[in-house]
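Asks:
The following block contains the structure:
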């Protein structure tokens, strides 16, 4: 299921590169509906701790998740470059995730993507389904489905 | 032939006939001699058969045909309605319903022949009437054949002779003739039991138009399209093809009984028409009497009394209703919601912008906003009303269900229903069926005692179950009550202790209501043995969650030995509500106005403690207090306020006071879902809404606070 990411010519995939903390992450562009600036997030009492709340996206209510909280990183610090990436997932609907900064869009061929060789017990790696090599940089590729999966480490 | 475009009508009408049949058979069981009911059943069965035949559903046709045979015998007094017969008839209805379900899903009727039921029907028919079941050629065909033989000359008149021409039509006729085309006058008779007459007419026209042009229609083509005609229609036709061919292709259309026609000469036609006009003047008096229908019967009312009558009886094509896809209404509703949000932003701008700067302008602006507000509110109401349907469509199947249950459980019971015309939003009505059905089953199975026990207790042997629906404020209440045993709270409590849900000590402290709440827990069944009807423990919890998804709730009142009452409370509208906006630590929340009783300012010192819980004593009532900031995990305030704003909310006969920081006035809000991601297990937040300034406010469901 993790591999049904968009395929452009000769098996290449496009990713949006974002910064969370000191690391760079890639999000499969086919899931990205929109990228919006930070705006007022309305807290929802009693929700899971990693849900920051909800925002109004052109009249639609969109829940916003803190990927930092979900990955047990230190809490979000909101700056001018903080963005909310709006993901659109078939059955589940729309979801926003908070990122520190949006860098660029990269195209990675199959040869540039390595499968994760992390320790499977490491929770953090559960969100990653591959590492992309772009020039000198390494980009952890999010497994979009596991981000929204409710069952694991809450 | 492609009948798919009629499929929807077929499904709809079949549903109607089935329900009608079911109702009639129910009342027939009580009053087996009632000729009107028998006739009604006969008619419905006959229509069903005709429609199934038209649509090419052979199995369905066969079954309904055999049902019709039975009623034929009942009608002619050759057999009596027995309980056994009624049972079989209900089986037939279920079988037809199953066919219909198949049709709905796949446009096919399925492959179940239901031989067993047909055999049973025919057996009853044979044993009751003493002769073998008459096969295919029974009643309806006879009816058709006979008149055909005897009345042939009279019945199929050349009605086209009665057509009056307008000047334009005369012109067309003349020019066609001058071009050397043959003019034909043709009258087509459709079988009386044909259900899609307009479609047949259309097919006839389509067939003949391959050969020439239709110049004059009678009735008008519009009326034919709208099915505003009896069993016949006439037209004049210009063509090079010989008449025989035209008649042949017309007859090739199914369910066309007869086609009569001849070649006509324009000159004779006009002369005849002129003659007709004279006659007509003489018949003026008669004409007014029969004037309601097509010109054909107007001109010759006395000649075709049978047809005229038939027209009167045939279902009138009403133009006053429109069938609308619920999705279109949903879309409309969404747009109205958007409009209301846009309006709310205008209101917000209007109230914040410095109105003083441009005096007159600002006043005009405010007036227009108020105007807009009125319009959007009434537009919303109208759209809501369009979506409202009576709960009848759901509850009408219940009498039948109770009858079946009565047989199955071997208990005598009667269902009394009131308020079937109470209206609810379509989406609610669609989903309320199952929960209600469950509650009724529950009453029938667990509620009512056996006849023997009832006798001992001095209750009437026949148990009664009531289903009452009515509107109360912004809610619709549906009560399901029975005069049975009621809920034995002691045994529920013991069961809960047995299941380890509570300790005996805890049990002793529970209120009756808290004990009854156990019944709504998943897989908590009180039935001593599992039956077909209920007792698997998947029940009341599902009822409860179903109703809660619809924004409603269930309450139970029960007196041991006297019966119990389940009260289902449903919101009238789903999408847009009037709400009071409140603020807690700068967070905005909306509370539905429907549940708010009063708003009070109290002094902190007035708060008293009962069982370590905060309460206030207002106008003779002790009301528990809920601090919204604590409930919603807000940051505590540095200092306790001296004066507190309390919103007194009400659910049924219970009250609670909610302490908030500030009131922000009343507003019409559009309810939006939080989506699936956010875990909302406490259900305190029932949704969110977008405010005029684009900010999001959460909607509190105060019903969860009780």
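Chains as they are written, first to last, in the numbering used here: chain A, 1 to 154; chain B, 1001 to 1706. The C-beta atom is built at its ideal place from N, Cα and C for all residues, glycine as well.
1) Between which two residues does the alpha helix (DSSP H) carrying residue 67 of chain A extend?
2) By DSSP, does residue 1313 of chain B sit in helix, in strand, or in coil?
3) Under a CB-based cut-off of 8 Å, is residue 1551 of chain B close to chain A?
4) For the ligand FAD, I want to know if residue 1566 of chain B counts as a neighbour, meaning its beta carbon is within less than 7 Å of at least one of the ligand's heavy atoms.
5) May I have the straight-line CA-CA distance separating residue 74 of chain A from residue 64 of chain A, to the nearest angstrom?
6) When you compare the CB of residue 43 of chain A with every CB in chain B, is at least one pair closer than 8 Å?
7) Can you confirm whether residue 56 of chain A, when its beta carbon is compared against all beta carbons of chain B, has any partner nearer than 8 Å?
8) Report the CB separation of residue 1650 of chain B from residue 1614 of chain B in whole angstroms; it is logged as a contact under 8 Å.
9) Start and end of the beta strand (DSSP E) containing residue 1582 of chain B?
10) Return the residues of the region 1659 to 1681 of chain B that lie within a Cβ-Cβ distance of less than 8 Å from chain A, sorted by chain order.
11) Going by beta-carbon coordinates alone, are residue 1052 of chain B and residue 1020 of chain B separated by less than 8 Å?
12) Within a Cβ cutoff of 6 Å, which residues of the same chain sit near residue 1137 of chain B, ignoring the five residues on either side of it in sequence?
13) Would you grab the beta carbon distance between residue 1076 of chain B and residue 1029 of chain B for me? Rounded to a whole angstrom, and I think it's under 8 Å.
14) Using DSSP with H/G/I as helix, E/B as strand and the rest coil, what is residue 1738 of chain B?
15) Are residue 95 of chain A and residue 44 of chain A touching if we call contact CB-CB under 8 Å?
16) Which chain E residues sit within Cβ distance under 7 Å of residue 40 of chain A?
17) When we look at the beta-carbon of residue 1418 of chain B and count the other beta-carbons within 10 Å, is it buried (16 or more) or exposed?
18) Under three-state DSSP, which class holds residue 1069 of chain B?
19) Please classify residue 1219 of chain B: is it buried, with 16 or more other beta-carbons within 10 angstroms of its beta-carbon, or exposed?
20) Where do the ends of the alpha helix (DSSP H) carrying residue 1516 of chain B lie?
21) Runs of 3 residues minimum, wholly inside the region 76 to 125 of chain A: which ones carry the beta strand (DSSP E) assignment?
22) Would DSSP call residue 39 of chain A helix, strand or coil?
23) Would you give the residue range spanned by the beta strand (DSSP E) that residue 24 of chain A belongs to?
24) Ignore the nearest five residues each way along the sequence and tell me which others in residue 1104 of chain B's own chain have a CB closer than 7 Å to its CB.
25) Just how far apart, CA to CA, sit residue 1467 of chain B and residue 1665 of chain B?
26) Tell me the DSSP secondary structure of residue 1217 of chain B in three-state form.
27) Over the uninterrupted beta strand (DSSP E) stretch that includes residue 1211 of chain B, give me the two end residues.
28) For residue 78 of chain A, which residues in chain B fall below 8 Å Cβ to Cβ?
29) Residue 1106 of chain B lies in the alpha helix (DSSP H); which residues open and close that run?
30) In the DSSP assignment, the alpha helix (DSSP H) including residue 1171 of chain B goes from what residue to what residue?
31) Measure the alpha-carbon distance for residue 1553 of chain B versus residue 1705 of chain B and round it to whole angstroms.
32) Counting only runs of 3+ residues fully inside the region 1370 to 1427 of chain B, write out the beta strand (DSSP E) ranges in chain order.
33) Residue 1464 of chain B: which of B:1486, B:1477, B:1338 sits nearest, CA to CA?
34) Since residue 100 of chain A contacts residue 81 of chain A with CB under 8 Å, what's their CB separation in whole angstroms?
35) Report the neighbours of residue 175 of chain A on chain B: residues whose CB is nearer than 8 Å to its CB, in chain order.
36) Spell out whether any CB of chain A is found under 8 Å from the CB atom of residue 1635 of chain B.
Replies: Judging by the given coordinates:
1) 67 to 70
2) Note that residue 1313 of chain B has pLDDT 42, beneath the 50 cutoff, so the model's placement of it is unreliable and no number is given.
3) no
4) Questions concerning the ligand FAD fall outside what the structure shown contains, since it holds no ligand whatsoever.
5) 17 Å
6) yes
7) yes
8) About 18 Å; that fails the 8 Å criterion.
9) 1576 to 1584
10) 1672, 1673, 1674, 1675, 1676, 1677, 1678, 1679, 1680, 1681
11) no
12) Interpretation of residue 1137 of chain B is limited by its pLDDT of 39, a score under 50 that renders its predicted location unreliable; no figure is taken from the coordinates.
13) Their Cβ separation, rounded to whole angstroms, is 20 Å, which puts residue 1076 of chain B and residue 1029 of chain B out of contact at 8 Å.
14) Residue 1738 of chain B lies beyond the residue range present for chain B, which begins at 1001 and ends at 1706; the question has no answer from this structure.
15) no
16) Considering every chain present, this structure includes no chain E. Its protein chains are A and B.
17) exposed
18) helix
19) buried
20) 1512 to 1517
21) 83 to 89, 93 to 99, 101 to 108
22) coil
23) 23 to 28
24) 1011
25) 39 Å
26) strand
27) Residue 1211 of chain B -> no beta strand (DSSP E), and no H or E assigned at all.
28) Near residue 78 of chain A there are no residues of chain B at all, since even the closest Cβ is about 17 Å away, more than 8 Å.
29) 1083 to 1106
30) 1167 to 1178
31) 12 Å
32) 1388 to 1390, 1413 to 1418, 1423 to 1425
33) B:1486
34) 7 Å
35) A question about residue 175 of chain A goes unanswered here, because the residues of chain A that appear run from 1 up to 154.
36) no
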